[in-house]
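> Attaching a single structure in structure tokens format; questions to follow.
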Amino acid sequence: MSHFAVRGALGAVAAVLGSVPALPASAAAVQDDHLTVTVRHAGDGRDGTYELSCHPGAGSHPDVSGACQSLDRNTRWGRDTFAPVAPGTACTMLYGGPATAHVTGTWAGRPVDATYDRSNGCEIGRWNRMVPLLPDLGS
Numbered sequence: 008m009s010h011f012a013v014r015g016a017l018g019a020v021a022a023v024l025g026s027v028p029a030l031p032a033s034a035a036a037v038q039d040d041h042l043t044v045t046v047r048h049a050g051d052g053r054d055g056t057y058e059l060s061c062h063p064g065a066g067s068h069p070d071v072s073g074a075c076q077s078l079d080r081n082t083r084w085g086r087d088t089f090a091p092v093a094p095g096t097a098c099t100m101l102y103g104g105p106a107t108a109h110v111t112g113t114w115a116g117r118p119v120d121a122t123y124d125r126s127n128g129c130e131i132g133r134w135n136r137m138v139p140l141l142p143d144l145g146s
């Protein structure tokens, strides 16, 4: 392929891309940072399914601002914000109650499908790090 043919093809691609409107940064962020949080067996009106978008904050979650701040605080480059407790971790035999949560969606451009419970000290700590995304149930 000649030099002129390559330049012509690149020019056509640039013309097409130039005619496509760019999404505003906030629209792209809302699309990327959207979660569905389902809480069960937490009691006192805390159960339910909530929608949450961040950057800017929106949704049916009872504390949109606090949940987004908690997620931002727990997000680190190269680490899974929603990672489960590592297999083989020594955890205290402390039962935190029957509450469970399921978080799905997209956060920081990555898919999320995480489950939470309070079956031992490690899981309670993992849950508590996500408060107020997840309801505060005490220690």
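Okay, so the sequence shown: first residue is 8 according to the numbering used here, each after it adds one. Using N, Cα and C, we set each Cβ at its ideal position, and we do this for glycine too.
On a Cα-Cα basis, can you pick out the residue from 55, 117, 53, 58 that is closest to residue 90?
Working through the sequence shown from its first residue, we reach residue 90 at position 83. The option with the nearest alpha carbon to residue 90 is 117.
> What is the DSSP secondary structure of residue 92, reduced to helix, strand or coil?
Translated into positions along the sequence shown, residue 92 becomes position 85. Here residue 92 sits in coil by DSSP.
> Compare the beta carbon distance of residue 64 and residue 58 with 8 Å and say whether it is the shorter of the two.
The residue labelled residue 64 in the question sits at position 57 within the sequence shown. The residue labelled residue 58 in the question sits at position 51 within the sequence shown. No. Outside cutoff.
> Candidates 62, 41, 70: which alpha carbon is nearest residue 143's?
Translated into positions along the sequence shown, residue 143 becomes position 136. Measuring from the Cα of residue 143, the nearest candidate turns out to be 70.
> Is it a yes or a no for the region 73-80 touching the region 95-108, going by three-plus beta-carbon pairs under 8 Å?
Touching, no, given that fewer than three Cβ pairs across the two stretches are closer than 8 Å.
> Among the candidates 98, 114, 99, whose CA atom is the shortest distance from the CA of residue 42?
The count along the sequence shown starts at 1 and reaches residue 42 at position 35. Looking at the Cα atoms, 114 is the closest of the given residues.
> Out of curiosity, what's the CA-to-CA distance linking residue 123 and residue 48?
As a working mapping, residue 123 is identified with position 116 in the sequence shown. As a working mapping, residue 48 is identified with position 41 in the sequence shown. Their backbone Cα atoms lie some 12 Å apart in a straight line.
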